[in-house]
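K.L.:
Encoded as structure tokens, here's the structure I'll be asking about.
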Amino acid sequence: MRQSLQLGLMASGAVLLGLLGTEFTVAQKEEKLKAEDVVAKHLQSLGDPAKVAAVKTRRLEGTADFKIVMGGAGNLAGNAKFVSDEGKLQFLMVFEDPMYHGERVSFDGEKLEVGTLRPGARTPVGDFLFNNNEIVREGLFGGVLSTAWPLKDLAGRQARLKYDGIKTVNGQKVHVLRYQAKKQSGDLEIKLYFEAETFRHAGTLYKTTAGATIAATPDQAARQENLDYTLEESFSDFKDVTGMTLPARWKISYSRTTHRKGNSIWQWELNLNSAEAAPKKPGA
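Here it is as structure tokens:
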């Protein structure tokens, strides 16, 4: 059932605990691990190395549910499609609503294109990815669903990793790796989460802050404040897909936060299944 949308810019209050990736350090005796140890165990969790390496293209289709948690009201049901061809990507979420048609992300290996709400106004996910294009360029978006997942080729990516230990994120114990691309926006923070026991990729947190602009008067300066933008991916319901362990459920959360005006939080939940019996090229 579809409910009409009310797209408010901000919601009063700033209580985000439980909605986005709040971290708590787990006070316990931990195995001393390095970033490369976490990566190695994670790659083992994907399945047979030969089968993992053989997959160059992945096509997934399924359902998408959208809801506004803060900053408006409403929910929509639609469809989703994800196609990954090594370094190329096509991602669609389609909703039949005049105010919000969905999300579109297309990357041909060089150029990134995203959808718009209306002429000149990008969608929330599209705007975040467009302004932080290394997320798609590095193969991070979509996690292990992407055949360009960078942890399979760290030497080629030349990314820097730092192990932050085990923390509790959204009630789940996870290993945390900080990821820094060779070419990365200065203020973009990237954290990768891996299940504490299995080392399966549980999610990724992307966060950036937009500082206040130069004010013309002291009064204007007093009213300005920073804006925090967060995009979080969460993965669950892992299943065997042609010899690989992949998530069937993908949740995306986008938030824009200020201390004075409150928050805007949008969430999408996707349930995806393989759309092919054998690898094909996008558009085939």
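Counting from 158, one number per residue, gives the positions in the sequence shown under the working numbering. Glycine included, C-beta positions come from ideal geometry on N, C-alpha and C.
Nearest CA to the CA of R275: which residue from D254, R317, W425?
P.N.:
Ranking the options by Cα distance to R275, first place goes to D254.
K.L.:
Per DSSP, which residues does W425 bridge with? Please list them.
P.N.:
According to DSSP, which records beta bridges pairwise, W425 is partnered with F223, I409.
K.L.:
By alpha-carbon positions, which one of W425, K189, L200, A432 ends up nearest to L311?
P.N.:
Comparing Cα-Cα distances from L311 to each of W425, K189, L200, A432, the minimum goes to L200.
K.L.:
What is the rounded straight-line gap between the Cα of T402 and the Cα of S202?
P.N.:
Using only the alpha carbons, I get a separation of about 7 Å.
K.L.:
When the Cα atoms are used, what is the spatial distance from G235 to A211?
P.N.:
Near 32 Å, if we compare the C-alpha coordinates of A211 and G235.
K.L.:
Does DSSP classify G229 as helix, strand or coil?
P.N.:
G229: strand per DSSP, three-state reduction.
K.L.:
Does DSSP put D265 in a helix, a strand or coil?
P.N.:
Three-state DSSP puts D265 in coil, outside helix and strand.
K.L.:
Closest to L388 by C-alpha separation, out of F395, R261, E218, G283, would be which residue?
P.N.:
Cα-wise, what sits closest to L388 is G283.
K.L.:
The beta strand (DSSP E) with K348 in it runs from where to where?
P.N.:
Element bounds for K348: 346-352.
K.L.:
Does the distance from the CB of A216 to the CB of V240 come in under 8 Å?
P.N.:
The sequence shown places Arg at residue 216, rather than the Ala named in the question. Yes. Within cutoff.
K.L.:
Assuming S410 contacts S421 (C-beta within less than 8 Å), just tell me the rounded distance between them.
P.N.:
Contact flag wrong, Cβ pair sits at about 11 Å.
K.L.:
What's the call for Q424, buried or exposed, on a 16-neighbour Cβ count within 10 Å?
P.N.:
Q424 comes out buried.
K.L.:
In chain order, which alpha helix (DSSP H) runs of at least 4 residues are fully inside the stretch 291-323?
P.N.:
Those alpha helix (DSSP H) runs which fall completely within the stretch 291-323 and span 4+ residues are 291-294, 311-314.
K.L.:
Measure the C-alpha to C-alpha separation of L384 and A367 and round it to an integer number of angstroms.
P.N.:
Near 5 Å, if we compare the C-alpha coordinates of A367 and L384.
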